[in-house]
Structures are given as C-alpha cells and as structure tokens.
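A.B. asks: Below: one structure in structure tokens.
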Amino acid sequence: MSMRSPLGRVRGLGSAKEGTGHWWAQRVTAIALIPLTLWFAAGLLSVIGAEHGAAIAWIGSPVTAVLLVLLLATGFYHAQLGLQVVLEDYVHHEGAKIAAILCVKFACLLLGAAAVFGVLKIAFQG
Amino acid sequence: MGKRPLSPHLQIYRPQITSVLSILHRFTGIALALGTLHLVFWILAAAQGPEAFAAVQAFSDSWAGRLLMLGWTAALFYHLANGVRHLVWDAGFGFAPGQVSISGGLALIVAATLTLLAWLIGTGQLGISL
Chain G
3 MSMRSPLGRV RGLGSAKEGT GHWWAQRVTA IALIPLTLWF AAGLLSVIGA EHGAAIAWIG
63 SPVTAVLLVL LLATGFYHAQ LGLQVVLEDY VHHEGAKIAA ILCVKFACLL LGAAAVFGVL
123 KIAFQG
Chain H
56 MGKRPLSPHL QIYRPQITSV LSILHRFTGI ALALGTLHLV FWILAAAQGP EAFAAVQAFS
116 DSWAGRLLML GWTAALFYHL ANGVRHLVWD AGFGFAPGQV SISGGLALIV AATLTLLAWL
176 IGTGQLGISL
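Protein chains in written order, with my numbering: chain G, 3 to 128; chain H, 56 to 185.
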C-alpha cells in the first residue's frame with residue numbers, strides 16, 4: 003500500500019516539488035543545442051578574424067540573427083539549469099545555496115538579454 | 056550535513072574512465088558557462104562599433120585569448136559529444152560495462168577530432184600555420 007496521497011500521486015511532483023520538469027527541460031535544451039552549436043561553430047569559423055563590417059554583416063543577416071537569438075536563449079537556459087544542479091550538489095548551507103542559485107539565474111538572464119539585444123541592434127540598425 | 060560520510064570518496068576511489076569523464080562533463084559545463092562571457096562581449100562590441108570590436112578582436116588574437124579559445128573549443132566539443140552519450144543513456148541504451156567505456160572513448164575521439172578540425176580551419180582562415 004502506498005503511503006502517498008492520491009492527489010500527490012496524480013501531481014507526480016515528488017519530494018523536490020517540481021517533478022521531472024528540471025530534468026526534462028535540461029534534455030530538451032540539450033537536444034536543441036546539438037544542431038545550434040554545430041551551426042554556430044561553422045558560422046563563427048567563416049568570420050574568424052574578420053573586420054567589423056564582415057562580422058556585423060554575418061550577425062545581422064536574417065538566418066544568423068534568428069539562429070543566434072535561439073542559441074543564446076537556449077544556451078543560457080541550459081547553462082543555468084546545469085549550474086543550478088552543481089550548486090545544489092556542492093553548496094550545503096541552505097541560505098548560501100539559494101542565494102548562489104538566484105545569482106546564477108539572474109546573471110544568465112542578464113547576459114542572455116544583453117547578447118540578444120546586441121544581435122537585434124545589429125540586425126535592425128547594422 | 057553533520058559528520059556523516061559522503062559518497063563517492065574521490066580520494067579513495069581509483070579514477071576510472073566513467074568517473075573521470077563524468078567529472079569532466081561538469082567541469083566543461085561550468086567552463087562553457089564562463090566562456091560564454093567572451094561571446095557576449097564579442098556580440099556587444101560588434102553592436103557598439105568598430106573601435107570596441109577591434110579591442111575584443113585584439114584580445115582574441117593575443118596568446119591568452121587564443122589559449123582561452125582553444126580551451127573553450129575543446130570544452131564545447133567534449134560537452135557536446137559526451138552530452139549525446141548522456142542522451143543515449145536517457146533513452147535507455149548503452150549501460151553494459153563494456154559499452155560505457157567504448158562510448159566514453161568515442162566521446163573523447165569525437166571531441167578531439169572536432170577540436171582539431173575547427174582549429175585547422177580557423178588557423179587556415181587566419182593564415183597561421185599550426
């Protein structure tokens with residue numbers, strides 16, 4: 003006989019209160035990042051050492067701008083999910099752990115937003 | 056946490072390919088998160104204008120910059136290859152004792168090959184011979 007309430011079983015959120023949401027998001031972003039990073043590595047190699055004009059022509063072209071925004075959003079989301087697990091594993095003081103995780107999440111959001119803004123500025127203004 | 060023992064005891068356990076690659080996956084993940092700062096600065100500098108862009112390019116072209124880029128490339132391709140290995144495990148395949156070592160070796164070979172390939176193309180683009 004299960005000690006769990008029927009409602010708890012239906013919700014399926016477990017003791018961590020978030021179920022498999024974090025695990026699943028990490029996998030979905032990982033799968034999306036396979037083609038995105040391979041595309042990015044190839045694209046970056048095409049403009050390596052290029053002048054400013056060539057670099058912004060690449061970043062601002064429609065296909066690159068869209069894929070770059072997706073890469074930045076997916077990449078930073080994946081990064082903060084992974085860093086969160088590392089902090090949960092190694093920071094044992096509850097307050098310090100929550101503070102560190104919040105710092106990581108806010109920093110990833112800030113960096114991601116700034117980089118996306120940069121891409122959009124180049125795409126729309128040149 | 057108190058004084059209860061923590062597992063695994065890294066100081067006692069003999070390093071194995073599985074454990075070393077697992078640690079390397081985390082380590083490269085953290086390194087990639089930090090290395091992304093370079094990408095953010097590169098994009099923002101490009102958006103700012105030619106002077107700011109030239110400053111970031113100058114750093115990328117320095118020895119320290121090149122070394123960071125090499126580490127970043129290797130970390131990216133290792134995390135990518137070993138990440139695919141993890142996704143295969145998540146799908147329920149490749150858990151046999153022999154298989155985990157083979158897939159681990161394969162991840163290292165793929166990572167090394169892609170890193171070497173990227174640097175051969177990159178240095179070729181820049182007109183530098185390795």
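We put the beta carbon where it would ideally sit given N, CA and C, even for glycine.
Quick check: does the Cβ of H/R121 come within less than 7 Å of any heavy atom belonging to the ligand HEM?
C.D. replies: The ligand content of the structure shown is nil, which means the ligand HEM is not present either.
A.B. asks: Helix, strand or coil for H/F150 per DSSP?
C.D. replies: Residue 150 of chain H sits at position 95 when you count from the first residue of the second sequence. In the structure shown, H/F150 sits in coil (DSSP, three-state: anything other than H, G, I, E or B).
A.B. asks: Assuming G/L73 is part of the alpha helix (DSSP H), what are its boundary residues?
C.D. replies: Working through the first sequence from its first residue, we reach residue 73 of chain G at position 71. Note, G/L73: alpha helix (DSSP H), 64–92.
A.B. asks: Using the C-alpha atoms, what's the distance from G/T31 back to G/Q127?
C.D. replies: The count along the first sequence starts at 1 and reaches residue 127 of chain G at position 125. The count along the first sequence starts at 1 and reaches residue 31 of chain G at position 29. Taking the straight line from one Cα to the other gives about 30 Å.
A.B. asks: Let me confirm a value: H/S158 is counted as buried when at least 16 other C-beta atoms fall within 10 Å, else exposed. Which label applies?
C.D. replies: As a working note, residue 158 of chain H is residue 103 in the second sequence. Result: buried.
A.B. asks: Could you pull the start and end residues of the alpha helix (DSSP H) that G/I103 belongs to?
C.D. replies: Residue 103 of chain G sits at position 101 when you count from the first residue of the first sequence. Looking at the DSSP string, the run of the alpha helix (DSSP H) that includes G/I103 is 96–127.
A.B. asks: According to DSSP, simplified to helix, strand and coil, what is G/M5?
C.D. replies: The count along the first sequence starts at 1 and reaches residue 5 of chain G at position 3. Reduced to three states, the DSSP call for G/M5 is coil.
A.B. asks: Verify whether the separation of the beta carbon atoms of H/Y133 and H/L79 is less than 8 Å.
C.D. replies: Start at 1 with the first residue of the second sequence, and residue 133 of chain H comes out as number 78. Start at 1 with the first residue of the second sequence, and residue 79 of chain H comes out as number 24. Taking 8 Å as the Cβ cut-off, H/Y133 and H/L79 qualify as a contacting pair.
A.B. asks: Please report how far the alpha carbon of G/L113 lies from the alpha carbon of H/G138, in whole angstroms.
C.D. replies: As a first step, residue 113 of chain G must be located in the first sequence, where it is residue number 111. As a first step, residue 138 of chain H must be located in the second sequence, where it is residue number 83. If I take the Cα positions, the gap works out to 23 Å.
A.B. asks: Comparing alpha-carbon positions, which option in G/V65, G/L46, G/G10, G/V118 lies nearest G/L74?
C.D. replies: Position 72 of the first sequence, counted from the start, is the residue given in the question as residue 74 of chain G. It is G/V118.
A.B. asks: If we cut at 8 Å on Cβ distances, does G/L72 have a partner in chain H?
C.D. replies: For the purposes of this step, residue 72 of chain G is taken as the residue at position 70 of the first sequence. Not one chain H Cβ lies under 8 Å of G/L72.
A.B. asks: Is the stretch 43–57 of chain G touching the stretch 96–113 of chain G in the sense that three or more CB pairs, one from each, lie closer than 8 Å?
C.D. replies: The stretch 96–113 of chain G, when compared against the stretch 43–57 of chain G, does not touch it at the 8 Å Cβ threshold.
A.B. asks: Which residue comes first and which comes last in the alpha helix (DSSP H) that contains H/G120?
C.D. replies: Locating residue 120 of chain H in the second sequence gives position 65, counting from the first residue. H/G120 -> alpha helix (DSSP H) spans 118–145.
A.B. asks: Using the beta-carbon of each residue, which ones in chain G are nearer than 7 Å to H/V46?
C.D. replies: Chain H is shown from 56 up to 185; residue 46 of chain H falls before or after that span and cannot be answered.
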